[in-house]
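Throughout the sequence shown, residue numbering follows my numbering, covering 42 to 469 in sequence. Ideal placement from N, C-alpha and C gives every residue a C-beta, glycine not left out. This report refers to the structure that appears directly beneath it.
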Amino acid sequence: MSAPIFANAPEALGPAVADFLPGSLESEVRAIYARSPLYAQRFPLHADPLRWSCYREIPALTKPEIIARGHQAFFADYAEIERGFAAKRFEYEHTSGTTGGPMTVIMEDGWWNAQTRRAYRAHPVLAPYADRAHRKCVLAPVGCSSNLCPYEDHPFPHRWFDGTVYLNLSSDPFAFPEAEWDRIVVELQAVQPEVLEGEPVYLSLLARALRQRHVAVPSVRAVILTYGKASAQHGRRIAEAFPGAMQVDLYGSTEAGYIFVGDAFADDSRVIDGNAFVELVPWHPATGLGAAARPDNVFQIHLTTRDRAAMPLLRYRTGDIVQKFPNGFRLLGRESGLFFRPDGTLVSPTEVDAALPENFACWHWSLVQTGETRWDFHYVADETAAQAGIEATLARLLGGSARVAAFRRKTVAPAASGKFALLKPLAK
Numbered sequence: 042m043s044a045p046i047f048a049n050a051p052e053a054l055g056p057a058v059a060d061f062l063p064g065s066l067e068s069e070v071r072a073i074y075a076r077s078p079l080y081a082q083r084f085p086l087h088a089d090p091l092r093w094s095c096y097r098e099i100p101a102l103t104k105p106e107i108i109a110r111g112h113q114a115f116f117a118d119y120a121e122i123e124r125g126f127a128a129k130r131f132e133y134e135h136t137s138g139t140t141g142g143p144m145t146v147i148m149e150d151g152w153w154n155a156q157t158r159r160a161y162r163a164h165p166v167l168a169p170y171a172d173r174a175h176r177k178c179v180l181a182p183v184g185c186s187s188n189l190c191p192y193e194d195h196p197f198p199h200r201w202f203d204g205t206v207y208l209n210l211s212s213d214p215f216a217f218p219e220a221e222w223d224r225i226v227v228e229l230q231a232v233q234p235e236v237l238e239g240e241p242v243y244l245s246l247l248a249r250a251l252r253q254r255h256v257a258v259p260s261v262r263a264v265i266l267t268y269g270k271a272s273a274q275h276g277r278r279i280a281e282a283f284p285g286a287m288q289v290d291l292y293g294s295t296e297a298g299y300i301f302v303g304d305a306f307a308d309d310s311r312v313i314d315g316n317a318f319v320e321l322v323p324w325h326p327a328t329g330l331g332a333a334a335r336p337d338n339v340f341q342i343h344l345t346t347r348d349r350a351a352m353p354l355l356r357y358r359t360g361d362i363v364q365k366f367p368n369g370f371r372l373l374g375r376e377s378g379l380f381f382r383p384d385g386t387l388v389s390p391t392e393v394d395a396a397l398p399e400n401f402a403c404w405h406w407s408l409v410q411t412g413e414t415r416w417d418f419h420y421v422a423d424e425t426a427a428q429a430g431i432e433a434t435l436a437r438l439l440g441g442s443a444r445v446a447a448f449r450r451k452t453v454a455p456a457a458s459g460k461f462a463l464l465k466p467l468a469k
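What follows is the structure in structure tokens.
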């Protein structure tokens, strides 16, 4: 049986002999089985060298399954984990993402920082900050990573951890009063960070707050776009506020860590090989048009973490879709956030960005399907755009008999998790 396709660099996997797994991948699979009884309960492994046929039979793990089984299923003796919490050898975080249910994630002490350093080393803009002290500010949903992000109204000194300041205290940037933006801008000026990290909508609205206050922060050299899918509109507004900073797209999740890194909007993201093995599974959504209409360069990802002791993930289906390009990958977003035209071709936020008029500018947008052929385009901007042209352009993009109505808004509400969706088709 042929080997699955992996997004990793070939040297990260190593050579495979005949139809057997490369040694690095098999070692990780067996280590995960040894650490977590969950996997042997789902699919027992034999002691012989693993063939690809056996690997393919290991059922993909999903977030709903983890929620249903409970995080305790990963551990043979959960009392040891409780003792680890008391001794600060383990920490925990709750994540909901876009799948609805809360999930508890257990991490061994130091894991998050270690995989973050590997992520930084994998990109030339971030590499200088991987192993030296630097100042960083984070503006993202509370509970953004590990358990460090504050949940309550902590004063400024209590939100400073190892050179990183967490700026916001709630998870809806559209609901921040002006006094809250005043505080955030003052703290940003006080810290003078070299690195600014955040969810793209939050950073776009930060750019608006800076412009309204005639404030510049020239110390920022790198802007990390993470926690959510960035629109080109977000990127432009952020670039206007931080003209000297390079924008980097860093993709991951609380449960899996950082997985892909690349230049923002450049379609060159690559796997952080030291953090995970990433299997590419051809995505065959139900378009109703048969195999000929299916995109051949679009994949689901099944993730296997590396060197993780607590809650290691094996063939974890993240729910995200990637598209392969000559220089790397484009992170398209969640499966539920993609749309297929009647002819079977794909529409993602990237196509929506490209379809918007060149002179259109907004702080955020969201394209929402409200009926079989009806869509609403919500945008937050300082001025009302030429909406008739936008409606016609987006209707042509969506194809068929699609009708689009554009609405200028003051706010666009996030999901309960604090995350935003750019493209929201009806559930099939």
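When you compare only the Cα positions, how much space is there between residue i and residue j?
i: I313; j: R71; result: 21 Å
i: L19; j: V179; result: Here the chain comprises residues numbered 42 to 469, so residue 19 is not present and cannot be evaluated.
i: V322; j: R130; result: 35 Å
i: A250; j: F340; result: 38 Å
i: Y74; j: A117; result: 11 Å
i: D213; j: R224; result: 16 Å
i: D150; j: P78; result: 21 Å
i: A155; j: L354; result: 17 Å
i: S187; j: A168; result: Residue placement at S187 is poorly supported in this model, since its pLDDT is 40, which falls under 50; the coordinates are not used for a value here.
i: P191; j: H325; result: Its pLDDT being 48, under 50, P191 is placed unreliably in this model, and the value from its coordinates should be taken loosely. About 40 Å.
i: P234; j: V261; result: 6 Å
i: R200; j: S211; result: 13 Å
i: D348; j: D337; result: 32 Å
i: P143; j: Y268; result: 16 Å
i: T345; j: F126; result: 25 Å
Looking at the secondary structure, which residues open and close the alpha helix (DSSP H) in which residue i lies?
i: Q364; result: Careful: Q364 lies outside any alpha helix (DSSP H), inside the beta strand (DSSP E) at 357-366.
i: R382; result: Segment: none, R382 is in no alpha helix (DSSP H) and carries neither H nor E.
i: V70; result: 64-76
i: L246; result: 241-253
i: R444; result: Here R444 belongs to no alpha helix (DSSP H); instead the beta strand (DSSP E) covers 444-450.
i: P390; result: 390-396
i: A317; result: Careful: A317 lies outside any alpha helix (DSSP H), inside the beta strand (DSSP E) at 317-323.
i: S94; result: 93-98
i: T295; result: Note, T295: premise wrong, no alpha helix (DSSP H); not H, not E.
Go ahead and pull the three-state DSSP assignment for residue i.
i: R200; result: helix
i: Q230; result: helix
i: S407; result: strand
i: K104; result: helix
i: E238; result: strand
i: I313; result: coil
i: F115; result: helix
i: D223; result: helix
i: H275; result: helix
i: L372; result: strand
i: T139; result: Caution is warranted here: a pLDDT of 46 is assigned to T139, below 50, making its placement in the model unreliable, and the coordinate value is therefore given only provisionally. T139: coil per DSSP, three-state reduction.
i: Y268; result: coil
Within the present structure, is the beta-carbon of residue i separated from the nearest heavy atom of the ligand FMN by less than 7 Å?
i: D309; result: Of the ligands one can find in the structure shown there are none, so the ligand FMN has no counterpart to examine.
Report, in whole angstroms, the separation of the C-beta atoms of residue i and residue j, which I expect to be a contact under 8 Å.
i: L266; j: A305; result: 5 Å
i: L291; j: V264; result: So it is not a contact: roughly 10 Å between Cβ atoms.
i: G176; j: G204; result: One point to set straight first is that residue 176 is Arg, not Gly, in the sequence displayed. Between G204 and R176 the Cβ distance is about 5 Å, and since that is below 8 Å, they are a contact.
I need the boundaries of the beta strand (DSSP E) containing residue i, first residue and last residue.
i: R415; result: 415-421
i: V261; result: Taken as a continuous stretch (DSSP letters only), V261 belongs to no beta strand (DSSP E), as it is neither H nor E.
i: F301; result: 298-304
i: L342; result: The residue asked about is misnamed: residue 342 is Ile in this sequence, not Leu. That run of the beta strand (DSSP E) goes 339-346.
i: T425; result: That residue, T425, is in no beta strand (DSSP E); it is neither H nor E in DSSP.
i: L54; result: Where L54 is concerned, there is no enclosing beta strand (DSSP E), although the alpha helix (DSSP H) it sits in stretches over 51-54.
Out of the options, state which residue places its alpha-carbon closest to the alpha-carbon of residue i.
i: K365; options: I342, Y420, P353; result: I342
i: G315; options: G303, G298, T425; result: G298
i: Y357; options: I300, V388, H405; result: I300
i: H255; options: E69, A44, A282; result: A282
i: D308; options: R371, W324, R375; result: R371
i: F448; options: A468, W222, T425; result: T425
i: Q428; options: P56, N400, V453, T411; result: N400
i: G293; options: A248, A280, A317; result: A317
i: V146; options: T157, R159, E132; result: E132
i: Q410; options: Y268, G303, P466; result: P466
i: G374; options: G64, V226, V421, S272; result: S272
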